[in-house]
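Student: Numbering (this note's numbering), first residue to last: 18 to 504. Just so it is clear, CB atoms sit at the ideal spot from N, CA and C, and this is done for glycine as well.
#1: If I follow the unbroken beta strand (DSSP E) through residue 446, where does it start and stop?
#2: What three-state label does DSSP hand residue 504 in the structure shown?
#3: For residue 81, name the three-state secondary structure that DSSP assigns.
#4: From what residue to what residue does the alpha helix (DSSP H) around residue 339 run?
#5: Any idea what DSSP makes of residue 465, helix, strand or coil?
#6: Do you know how far the Cα of residue 454 is from the Cα of residue 247?
#7: With 16 as the cutoff for other CB atoms within 10 Å, does residue 357 come out buried or exposed?
#8: Please specify which runs of the beta strand (DSSP E), each continuous and at least 3 residues long, are wholly inside the region 139–173, giving them in chain order.
#9: Please work out which residues of its chain come closer than 6 Å, Cβ to Cβ, to residue 354, disregarding the five sequence neighbours upstream and downstream, and give them in chain order.
#10: Among 76, 461, 389 and 62, which has the Cα closest to the Cα of residue 418?
#11: Restricting to Cα atoms, I'd like to know which of 73, 47, 42 and 96 is closest to residue 64.
#12: Just to confirm, is the Cβ distance from residue 134 to residue 117 under 8 Å?
#13: Considering only residues of the same chain and omitting the five flanking positions on each side of residue 351, which have a CB-CB separation below 6 Å?
#14: With distances taken Cα to Cα, identify the nearest neighbour of residue 411 among 378, 158 and 49.
#15: Count the other CB atoms within 10 Å of the CB of residue 263; is the residue buried (16 or more) or exposed (fewer)?
#16: Closer than 7 Å by C-beta to residue 380: which residues in its own chain qualify, once you throw out the five before and the five after it? Chain order, please.
#17: Rank 66, 459 and 283 by C-alpha distance to the C-alpha of residue 102 and give the top, closest one.
#18: Are at least three pairs of beta-carbons, each pair with one atom in the region 121–132 and one in the region 31–41, less than 8 Å apart?
#19: Let's see if you can read the secondary structure: which residues bound the alpha helix (DSSP H) around residue 382?
#20: Between which two residues does the beta strand (DSSP E) carrying residue 353 extend?
#21: Under three-state DSSP, which class holds residue 14?
#22: What do you reckon, is the C-beta of residue 335 under 7 Å from a heavy atom of the ligand SAH?
#23: For residue 329, which residues from the same chain have a beta carbon less than 7 Å from its beta carbon, with the 5 sequence-adjacent residues on both sides left out?
#24: Distance check for residue 168 and residue 110, CA to CA, integer angstroms please.
#25: Given this structure, state the Cα-to-Cα distance separating residue 204 from residue 187, to the nearest angstrom.
#26: Could you check which residue in 292, 301 and 291 has the C-alpha nearest to that of residue 280?
#27: For a quick check, are the C-beta atoms of residue 370 and residue 313 less than 8 Å apart?
#28: Expressed to the nearest angstrom, what Euclidean distance is found between the alpha-carbon atoms of residue 388 and residue 340?
#29: Whose C-alpha, out of 362, 349 and 316, is nearest the C-alpha of residue 331?
#30: Mind reading off the beta-carbon distance from residue 159 to residue 140? Whole number of angstroms is fine, and I expect it under 8 Å.
#31: Between residue 157 and residue 43, which are expected to be in contact by the criterion C-beta below 8 Å, what is the C-beta distance as a whole number of angstroms?
#32: Quick check: the Cα distance between residue 496 and residue 228, rounded to an integer number of angstroms?
#33: Whole angstroms is fine: what's the gap from residue 457's alpha carbon to residue 253's?
#34: In terms of residues, what are the limits of the beta strand (DSSP E) holding residue 457?
#35: Can you check whether the CB of residue 104 is closer than 8 Å to the CB of residue 154?
#36: Can you tell me whether DSSP reads residue 105 as helix, strand or coil?
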């Protein structure tokens, strides 16, 4: 059912009810006014005839019939247009318009009352008559005009008005509702042809002047924008899955072939000398560790590409750095790892990603930052400056040549003697980009080794619009802009 029809039916049913309710109130008020007028007239007549009624009761009580007849005529003459009834001990006089003698009067000694005699009703006033020698009750009657033609006429007109109001108010409401709902119908026509699966057309910006319709249009635009965003994220997820499988297949082929060759050697030469067997097994363990590390790194890159803003919260980087340093000391007990963290530097970020950033910086320093004698000395710093948090990791290794500093953050970039996956520093760059920060590598502070510096905004920022660290190819320009500081 259309909205305009619903409004017309609602108004067409409501208005007659309101008319009937107002008519009932009007009838009640008119009847009360008529009763008030009648009661005032009865009160005046009662005051006028009360002396004659007392005199009549005294004459009757004293046994003077002639005087009683005279007083009775005077009583009815004073009553004029109302009926009178005087009741006392041994006396009952009545005259004028009043209910029949068979109608029982209310059991009241004073005040107003309504008395019914068949189809007619009477308004009655009872007044007590008291004196030194007499007592009784004076009743004064007049026809109850509240039941007469005036009220019947008002009642008929109220009913006629209610009957006419139903269709007229319904038609008027339908017309007004049809005009008022025109912007809504236009919005319906504009949105009926929108299919976000097959078309990029969206609702145009514009105001109709109807607040509710404009709010509905804004809501529809928001829903479509969220659909587009989720569709884009779904597409990115599919691209990520495809790239993951492609990258995994490409990077796993060499270690798997090497492991297959070693397994063939063990299977085809059961009498292999112990030294050769030990070398083959060691090579298998290295390739296994490389495969496992590669899969873990690819998984973490995929997590970073798909993380949502709801996962971000305020993170104390000092606590994260302390946990990362403790884990690094456990993995490399021979290394000298020191932490210099100012209390309370906080960023709005993804805590697992920040921990991954620090773990990979420490792992890189332990793997490539050893001096000529194989010692590892690593210094980690966390400081807060001018709306930023600076994380530094210093080592005392051979350092990074200037011409290689732009490439080491790309995927699968490994040194000639590296046994890693080539994704550790890529994960560092990815997490810096997710937090709208930057990462750079410089010469160590004392002229030896390397310093990796990560700058993160302490207040946090929106996620990049597109995240394709797993999808992008090595050396390609990524859509989120590579967050390295080449200074």
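Tutor: Walking through what the data contain:
#1: Counted from its first residue, the chain shown places residue 446 at position 429. Per DSSP, residue 446 belongs to no beta strand (DSSP E); it is in the alpha helix (DSSP H), 441–451.
#2: The residue labelled residue 504 in the question sits at position 487 within the chain shown. Confidence at residue 504 is low in this model, with a pLDDT of 40, below 50, so the placement of that residue should be treated as unreliable; the coordinate-derived value is given next. In this structure, residue 504 counts as coil in the three-state DSSP scheme.
#3: As a working mapping, residue 81 is identified with position 64 in the chain shown. Reduced to three states, the DSSP call for residue 81 is coil.
#4: Within the chain shown, the letter at position 322 stands for residue 339. Here the alpha helix (DSSP H) through residue 339 covers 334–348.
#5: Residue numbering aside, residue 465 sits at position 448 when the chain shown is read from its first letter. Of the three classes helix, strand and coil, the one that applies to residue 465 here is coil, per DSSP.
#6: The count along the chain shown starts at 1 and reaches residue 247 at position 230. The count along the chain shown starts at 1 and reaches residue 454 at position 437. The straight-line gap from Cα to Cα measures roughly 25 Å.
#7: Locating residue 357 in the chain shown gives position 340, where the first residue counts as 1. Per the 10 Å Cβ criterion, exposed.
#8: Qualifying beta strand (DSSP E) stretches, in chain order: 152–160.
#9: One-based indexing of the chain shown puts residue 354 at position 337. Within the same chain, residue 354 has close Cβ partners 342, 345, 346 and 395.
#10: Locating residue 418 in the chain shown gives position 401, where the first residue counts as 1. Considering only alpha carbons, the answer is 461.
#11: Walking along the chain shown from the start, residue 64 turns up at place 47. Sorting 73, 47, 42 and 96 by C-alpha distance to the C-alpha of residue 64 places 96 at the top.
#12: The residue given as residue 134 occupies position 117 in the chain shown. The residue given as residue 117 occupies position 100 in the chain shown. Cβ atoms of residue 134 and residue 117: closer than 8 Å.
#13: Position 334 of the chain shown, counting from 1, holds the residue named residue 351. Nothing listed; no residue qualifies.
#14: As a first step, residue 411 must be located in the chain shown, where it is residue number 394. Among 378, 158 and 49, the Cα nearest to that of residue 411 is on 378.
#15: For the purposes of this step, residue 263 is taken as residue 246 along the chain shown, with counting starting at 1. Per the 10 Å Cβ criterion, exposed.
#16: Position 363 of the chain shown holds residue 380. Around residue 380: 441.
#17: Looking up residue 102 in the chain shown gives position 85. For the residues 66, 459 and 283, the minimum Cα distance to residue 102 belongs to 66.
#18: no
#19: Counting from 1 along the chain shown, the entry for residue 382 is found at position 365. Start and end: 368–385.
#20: Mapped onto the chain shown, residue 353 falls at position 336. Element bounds for residue 353: 353–358.
#21: Any answer about residue 14 is impossible in this case: the structure gives the chain only from 18 up to 504.
#22: Within the structure as shown, the ligand SAH is missing, as the structure has no ligands at all.
#23: Position 312 of the chain shown, counted from the first residue, corresponds to residue 329. Only 365, 366, 367 and 477 meet the Cβ criterion.
#24: By 1-based counting over the chain shown, the position of residue 110 is 93. By 1-based counting over the chain shown, the position of residue 168 is 151. Approximately 33 Å, taken between the alpha carbons.
#25: In the chain shown, residue 204 corresponds to position 187, counting from 1. In the chain shown, residue 187 corresponds to position 170, counting from 1. Put simply, the backbone Cα of residue 204 is about 25 Å away from that of residue 187.
#26: To locate residue 280, count along the chain shown from 1; it is residue 263. Taking only the C-alpha atoms, the option nearest residue 280 is 301.
#27: Position 353 of the chain shown, counting from 1, holds the residue named residue 370. Position 296 of the chain shown, counting from 1, holds the residue named residue 313. Residue 370 is not a Cβ neighbour of residue 313, given a cutoff of 8 Å.
#28: Taking the first residue of the chain shown as position 1, residue 388 is located at position 371. Taking the first residue of the chain shown as position 1, residue 340 is located at position 323. Distance between the alpha carbons of residue 388 and residue 340 is about 25 Å.
#29: Counting from one through the chain shown, the residue named residue 331 turns up at place 314. The shortest Cα separation from residue 331 among 362, 349 and 316 belongs to 362.
#30: On the chain shown, position 142 is the one that residue 159 refers to. On the chain shown, position 123 is the one that residue 140 refers to. The pair is a contact, with the Cβ atoms about 5 Å apart (cut-off 8 Å).
#31: Counted from its first residue, the chain shown places residue 157 at position 140. Counted from its first residue, the chain shown places residue 43 at position 26. With 8 Å as the limit, residue 157 and residue 43 do not qualify as a contact, their Cβ atoms being about 29 Å apart.
#32: To locate residue 496, count along the chain shown from 1; it is residue 479. To locate residue 228, count along the chain shown from 1; it is residue 211. At residue 496 the pLDDT is 34, less than 50, meaning the model places this residue with poor confidence and gives no usable figure here.
#33: Taking the first residue of the chain shown as 1, we reach residue 457 at position 440. Taking the first residue of the chain shown as 1, we reach residue 253 at position 236. Going from the Cα of residue 457 to the Cα of residue 253 covers about 27 Å.
#34: On the chain shown, position 440 is the one that residue 457 refers to. First-last of the beta strand (DSSP E) with residue 457: 455–460.
#35: Counting from one through the chain shown, the residue named residue 154 turns up at place 137. Counting from one through the chain shown, the residue named residue 104 turns up at place 87. Closer than 8 Å, so yes.
#36: Here the question's residue 105 lines up with position 88 in the chain shown. In the three-state reduction of the DSSP assignment, residue 105 falls in the strand class, which pools E and B.
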